[in-house]
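Residue numbers (the numbering used here): 9 to 109.
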């Protein structure tokens, strides 16, 4: 049974066996070879840079979110403490008023 190869591999094999002439294209063979191969350095580099930029942005946003959550928790704790202090002071004032009466 003959293995099934991807089309790009068949083109590469044909070009190597024939020696560069693809159906009489002659000098256009280089253009044909370039068009059948993925130029990873041209395609992937911008994508790699985009992914890296997105990763940095995500890291920055995550750090900002963590900082914001810490500040919010701190503010919430302060508000709870202030309310507690207010209740204690209110109770003390009420007790003092009861003693005076």
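Ideal placement from N, C-alpha and C gives every residue a C-beta, glycine not left out.
Residue i versus residue j: straight-line alpha-carbon distance, rounded
i, j, result
"residue 97", "residue 108", "16 Å"
"residue 63", "residue 83", "30 Å"
"residue 69", "residue 59", "15 Å"
"residue 73", "residue 90", "25 Å"
"residue 86", "residue 104", "27 Å"
"residue 75", "residue 57", "27 Å"
"residue 81", "residue 65", "24 Å"
"residue 54", "residue 71", "25 Å"
"residue 93", "residue 99", "10 Å"
"residue 102", "residue 88", "21 Å"
"residue 106", "residue 67", "58 Å"
Neighbourhood of residue i by C-beta distance below 6 Å, restricted to the same chain and skipping five residues each side
i, result
"residue 78", "none"
Proximity test, Cβ basis, 8 Å: residue i and chain C
i, result
"residue 103", "Structure shown: chain C not included; a single protein chain is present."
Spatial neighbours of residue i in its chain, beta-carbon cut-off 7 Å, leaving aside the 5 residues before and after
i, result
"residue 42", "Any answer about residue 42 is weak, because its pLDDT of 49 lies below 50 and its placement is not dependable; what the coordinates show is given next. So no residue of the chain qualifies."
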